[in-house]
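Undergrad: Same order as they appear, the protein sequences are chains S and L. So the first sequence is numbered by our numbering: it starts at 1 and just counts up by one. So the second sequence is numbered by our numbering: it starts at 147 and just counts up by one. The beta-carbon is built from N, C-alpha and C at its ideal position, and this holds for glycine as well. Handing you this structure, nothing more for now.
Number of protein chains: 2
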Amino acid sequence: MADTARPDLAAMIVPLGRALMAVEQPVLDAHGLTMWAYAVLLGLEESVRTQSALAQDIGADKTRIIPILDDLQEQGYIERRPDPDDRRARLLSLTPEGRRVRDSTQAAIQAREERLLDRLRPADREGFLNALQFLAALPKEELAGE
Amino acid sequence: MADTARPDLAAMIVPLGRALMAVEQPVLDAHGLTMWAYAVLLGLEESVRTQSALAQDIGADKTRIIPILDDLQEQGYIERRPDPDDRRARLLSLTPEGRRVRDSTQAAIQAREERLLDRLRPADREGFLNALQFLAALPKEELAGE
DNA sequence: TATTGTTATACTCTATAACTATA
DNA sequence: TATAGTTATAGAGTATAACAATA
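Okay, here's the thing in structure tokens:
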């Protein structure tokens, strides 16, 4: 039987996402990162990859991340070197300082999030995180298709 | 002990919200509504309210909803009449056709969402919806403050 | 003086098009 | 011809400022 009382998923998720971003903005500011710069650092993780692969992975387009990469490189958080096997491409990698600032920023952000998650009942918290990780990992086509 | 393996909440929620909106866009198109027009119809529900109250409630600002209200009024989905007690203000209400299009749109959207939720394990699904409704109902200040 | 609704304007974010250098 | 990276431009979406009517 349909539970007609629940609001639409998107009507809850989209504003919640906006609110979370607003809450986390001061944390990013304190670490000297913009949201997209942080997303780039997270997207690089341990791996080395090309700019367009990174852009696609973090949901930005390849033109928009360029000034962000410029800044990160200037700050010494990432390195950009030509791919010896394909001289059109640039291989991106985190510097040790990049890894450090990413880790300390993420620690601060997740600590804040934990305070929020602690207000949920344990079972809800676990279901929430499980479901969220499952849905976030779904390819868009699968979200749309079924 | 910290579970360092989980992605940031915002990093999962924001892209998921974007993807959901993209998935639901065709449904809105089929019903001849924009996202904000749909949000307005949902925001009116059964109640009658003023424009700025509505705007604040749906997370838009009062200047942005005006052309949307114009369209909805022209389509015959809402009525705008001056408040007899305060002639500066306009009282908004749904027409029967407005209520009908809102209901059929929401039914289509929630049916689509149900197909997605059905892919979750029952316990995760319940926890997810519980947590989401709790978090979405939190006032922003509380999200930020604690 | 403050507030509702409104219009016009500016700003930010995102997407598109066009160029270069390689392939 | 196609692709990676880049630049410049255009378009959405959003926020700010100023105005008329009313309180």
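1. Does any CB atom of chain L fall closer than 7 Å to the CB of S/Leu20?
2. Applying the criterion that 16 or more other CB atoms from any shown protein chain within 10 Å of the CB defines a buried residue, is L/Ala257 buried or exposed?
3. Under 8 Å between beta-carbons, which chain S residues line up against L/Ala277? List them in chain order, please.
4. How big is the Cα-Cα spacing for S/Asp8 and S/Pro96?
5. How about S/Asp8: is its C-beta nearer than 7 Å to some C-beta of chain L?
6. Grouping DSSP H, G and I as helix and E and B as strand, with all else coil, what is L/Thr251?
7. Should S/Gln56 be labelled buried (16 or more other beta-carbon atoms within 10 Å of its own) or exposed?
8. What three-state label does DSSP hand S/Ser93 in the structure shown?
9. Using 7 Å as the threshold, is the C-beta distance between S/Leu16 and L/Leu281 below it?
10. Nearest chain L C-beta to S/Lys140 closer than 7 Å, yes or no?
11. Does the CB of L/Pro161 have a neighbour CB from chain S at under 7 Å?
12. Would you say S/Leu28 faces chain L, with C-beta separation under 7 Å as the test?
13. Where L/Ala206 and L/Leu166 are concerned, what is the direct C-alpha to C-alpha distance, given to the nearest angstrom?
14. Does L/Glu259 have its Cβ less than 7 Å from a Cβ in chain S?
15. Which chain L residues are close to S/Gln106, counting only those with a beta carbon under 8 Å from its beta carbon?
16. Report the CB separation of S/Arg90 from S/Pro84 in whole angstroms; it is logged as a contact under 8 Å.
17. For the alpha helix (DSSP H) containing S/Glu141, name the first residue and the last one.
18. In angstroms with no decimal places, state the Cα-to-Cα distance between L/Ser193 and L/Ala199.
19. Taking 8 Å as the threshold, find out whether the segment 181-195 of chain L comes into contact with the segment 28-37 of chain S through three or more Cβ pairs.
20. Nearest-angstrom Cα distance between L/Tyr223 and S/Gln51?
21. Pick helix, strand or coil for L/Asp232, following the three-state DSSP scheme.
22. Check whether the Cβ atoms of L/Leu190 and L/Leu240 sit closer than 7 Å, and answer yes or no.
23. Verify the CB distance criterion: does L/Val247 have a CB-CB separation below 7 Å to chain S?
24. From what residue to what residue does the alpha helix (DSSP H) around S/Ala5 run?
25. Label S/Gln25 either buried or exposed according to how many other C-beta atoms from any shown protein chain fall within 10 Å of its C-beta, with 16 as the threshold for buried.
26. Identify, in the order they occur along the chain, each residue of the same chain with its Cβ nearer than 6 Å to the Cβ of L/Ile204, setting aside the five sequence neighbours on each side.
TA: On the basis of the data shown:
1. Put simply, the CB of S/Leu20 is near chain L, with a gap under 7 Å to one of its CB atoms.
2. Counting every other CB atom within 10 Å of its CB across the protein chains shown gives L/Ala257 a total below 16, marking it as exposed.
3. Correct list: Leu120, Asp124, Arg125, Gly127, Phe128.
4. Looking at the two C-alpha atoms, the distance is approximately 43 Å.
5. Judged by the 7 Å Cβ criterion, S/Asp8 is in contact with chain L.
6. In this structure, L/Thr251 counts as helix in the three-state DSSP scheme.
7. S/Gln56 counts as exposed, since fewer than 16 other C-beta atoms from the protein chains shown sit within 10 angstroms of its C-beta.
8. Here S/Ser93 sits in strand by DSSP.
9. Cβ distance < 7 Å, so S/Leu16 and L/Leu281 count as in contact.
10. Cβ-Cβ to chain L under 7 Å: yes for S/Lys140.
11. Interface residue, yes.
12. Closer than 7 Å: no.
13. In this model, L/Ala206 and L/Leu166 are separated by some 19 Å (Cα to Cα).
14. Chain S, which has a Cβ nearer than 7 Å to the Cβ of L/Glu259, makes this yes.
15. Near S/Gln106 (Cβ distances below 8 Å), the residues of chain L are Asp154.
16. Approximately 11 Å separates the beta-carbon atoms of S/Arg90 and S/Pro84; this is outside 8 Å, ruling out the contact.
17. Segment 140-145, the alpha helix (DSSP H) holding S/Glu141.
18. Whole-angstrom Cα-Cα distance: 11 Å.
19. Touching, no.
20. C-alpha separation (whole angstroms): 47 Å.
21. DSSP, read as helix, strand or coil, puts L/Asp232 in strand.
22. Yes, they are a contact pair.
23. Cβ-Cβ to chain S under 7 Å: no for L/Val247.
24. Going by DSSP, S/Ala5 is part of no alpha helix (DSSP H) at all; its letter is neither H nor E.
25. Classification of S/Gln25: exposed, given that the 10 Å Cβ count is below 16.
26. The answer, listed in chain order, is Ala185, Gly189.
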